[in-house]
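Take a look at the structure below.
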Amino acid sequence: MQNDIQWVLNCPNLFTPEIARLKISPIQLADATRFLEEHRNSMQVGRYFEQLVRAILEADPFYEVIEQGLQIHADGRTVGELDFVVRDHDGKLTHCETAIKYYLYYPHTNGTGSNFIGPNPADTFESKTNHLLTHQLPLSKRHYPTVDRRTTFVEGIIFYPANFEAAHQTPTHLAEDHLRGAWLHARDAMGLIDFVDDHFCICQKPHWLAPPSDEAMYMDPVTSVHSLTEHFRVGNHPLMLSRLRYREGRWEEQERLFIVPDHWPNLISP
14 MQNDIQWVLN CPNLFTPEIA RLKISPIQLA DATRFLEEHR NSMQVGRYFE
64 QLVRAILEAD PFYEVIEQGL QIHADGRTVG ELDFVVRDHD GKLTHCETAI
114 KYYLYYPHTN GTGSNFIGPN PADTFESKTN HLLTHQLPLS KRHYPTVDRR
164 TTFVEGIIFY PANFEAAHQT PTHLAEDHLR GAWLHARDAM GLIDFVDDHF
214 CICQKPHWLA PPSDEAMYMD PVTSVHSLTE HFRVGNHPLM LSRLRYREGR
264 WEEQERLFIV PDHWPNLISP
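If you're matching positions, the sequence shown starts at 14 in our numbering and goes up one per residue.
In C-alpha cells form, the structure reads like this:
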C-alpha cells in the first residue's frame with residue numbers, strides 16, 4: 014500500500030495545467046498508510062485510487078476533508094457526486110474530482126471519434142475530459158455554492174502500440190509529460206519471449222499503480238507467454254503487466270504493458 018501511495022504522490026498529472034490540480038503538501042507516508050489500512054474497502058481500481066487520495070489528504074496538514082462521495086440530488090433524482098470537498102488552513106473550501114485512467118492510443122479511424130480509447134471503448138480521453146469540465150466540476154457551483162475553488166487529481170497511463178514512436182496529434186488537455194506504456198493484442202504476446210533478460214508480472218486489481226513487489230509472482234518470458242495464452246483462451250478481460258529487470262541487487266520496472274483481447278476495440282469505422 015505504501016508503494017501505491019508513493020506512486021500517486023510521484024505520478025505526473027494526466028491533464029495540462031489549464032485544468033487545475035490539487036496541490037499536496039509533503040506528508041508522512043506512515044500516516045497515510047495507516048489510514049489506508051484502516052479504511053480500505055474496495056477492490057475496484059477507481060475506488061482504490063480514491064481511497065489513496067483520501068489517505069493522502071488525511072496525512073496532509075494543510076487540509077481537512079469535509080465531504081467525500083457527496084451525492085447531489087435535484088428534482089427528486091441523483092444528478093451527480095462530489096468526490097471531495099476539503100477545507101484548507103485559510104478556511105477556503107475546494108471541490109476536487111479524482112480519477113485514475115488508462116487509455117490506449119489507437120491510430121485508426123473508429124466510431125468513437127477519438128484515438129485515445131479506454132479498455133472499454135465507450136470511454137475515451139475526450140469524453141472523460143468533457144464530462145469533467147461540463148458536468149462534474151460545475152456541480153459544486155450549482156449545489157455547493159460555498160466552495161471557493163474547483164480542482165482535479167487525475168492520474169493514469171497512456172499506452173501506445175508496441176514499437177510505436179509517437180502520436181500524430183494528442184488531445185487538447187493531455188499533458189506532454191504523461192506516463193507512457195505499451196499495449197498489444199493477445200495474439201502478439203509471443204513477442205515477449207524476446208525479452209530474455211527480463212521477467213514479467215501480472216498486476217492484480219486494484220494494484221494497477223506501483224510496480225508489483227511480490228517477487229514470487231514474477232515470471233520468466235516463456236512462462237509469461239504461456240500464462241497470457243491460457244488467460245485469453247478462456248477469458249476476454251484485459252491484463253496489465255509489468256516488465257522488470259534485475260540490476261544492482263534489485264528489480265526495476267522497465268515498462269508497463271497492457272494486453273487486450275484480439276477483438277479489441279471491436280468498433281465500426283464511421
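Ideal placement from N, C-alpha and C gives every residue a C-beta, glycine not left out.
Since this is a predicted model, take the numbers as computed values, not measurements.
Kindly give me the distance between the Cβ atoms of residue i and residue j, rounded to whole angstroms, as I take these residues to be in contact under 8 Å.
| i | j | result |
| --- | --- | --- |
| A13 | L197 | This structure cannot settle anything about residue 13, because the visible part of the chain is limited to 14 through 283. |
| T125 | P134 | 6 Å |
| F27 | A188 | The sequence shown places Leu at residue 27, rather than the Phe named in the question. The pair is a contact, with the Cβ atoms about 6 Å apart (cut-off 8 Å). |
| F75 | T111 | Contact flag wrong, Cβ pair sits at about 17 Å. |
| L257 | E265 | 7 Å |
| P25 | D190 | 5 Å |
With a CB to CB cut of under 6 Å and the five nearest residues on each side skipped, what residues in its chain are close to residue i?
| i | result |
| --- | --- |
| C214 | P225, M230, Y231, S255 |
| S127 | T137, E139 |
| N249 | P274 |
| F208 | P234 |
| I85 | V92, G93, L152, H156 |
| L117 | I130, F172, W196 |
| E77 | R100 |
| D44 | A72 |
| V21 | L65 |
| L83 | L95 |
Please return the same chain residues whose Cβ sits closer than 8 Å to the Cβ of residue i, not counting the five positions on each side in sequence.
| i | result |
| --- | --- |
| Q6 | Residue 6 cannot be examined here, being either before or after the span of the chain that is shown, 14 to 283. |
| F48 | R67, A68, E71, A72 |
| G204 | A175, L197 |
| T159 | L106 |
| T46 | M14, Q15, I18, A68 |
| L150 | H108, E110, R163, T165 |
| H181 | P120 |
| I211 | Reading off the sequence shown, one finds Asp at residue 211, where the question assumed Ile. For D211, where only same-chain residues beyond five positions count, the Cβ hits under 8 Å are P234, R256, L257, R258, Q267. |
| V238 | A202, M203, L205, I206 |
| R53 | M14, Y61, Q64 |
Under the rule that 16 or more other beta-carbon atoms within 10 Å means buried, what is residue i, buried or exposed?
| i | result |
| --- | --- |
| T236 | exposed |
| P177 | Going by the sequence as given, residue 177 is Phe instead of Pro. F177 is exposed by the Cβ-count criterion. |
| P219 | buried |
| P39 | exposed |
| T320 | The structure shown has nothing for residue 320, since the chain only spans 14 to 283. |
| P283 | Reliability fails at P283, whose pLDDT of 44 lies under 50, so the model's placement of it is uncertain and no value is given. |
| R200 | exposed |
| R263 | exposed |
| M56 | exposed |
| G169 | buried |
| D96 | buried |
| Q64 | buried |
| Y259 | exposed |
| A202 | buried |
| I272 | buried |
| R193 | exposed |
| V247 | exposed |
| R269 | buried |
Leaving out five residues on either side along the sequence, give the residues of the same chain with a beta carbon under 7 Å from the beta carbon of residue i.
| i | result |
| --- | --- |
| P278 | Y119, N123, I130, P134 |
| T164 | A33, R34, L35, T107, C109 |
| F166 | R34, L35, V66, C109, T111 |
| H186 | F28, T29, E31, I32, T142 |
| V58 | I113, K218, P219, W221 |
| L102 | Looking at the sequence provided, one finds His at residue 102 rather than Leu. F75, listed in sequence order. |
Report whether the distance from the Cβ of residue i to the nearest heavy atom of the ligand FAD is below 7 Å.
| i | result |
| --- | --- |
| R163 | No copy of the ligand FAD occurs in the structure displayed, which carries no ligand at all. |
If we require 3 or more residues per run, which beta strand (DSSP E) segments fall completely within the region 94-174? 106-118, 162-174
Please list the segments of the beta strand (DSSP E) lying wholly inside the region 189-217, counting only runs of 3 or more residues, in order along the chain. 192-198, 212-215
Minimum length 3: unbroken beta strand (DSSP E) runs contained in the region 223-270: 252-260
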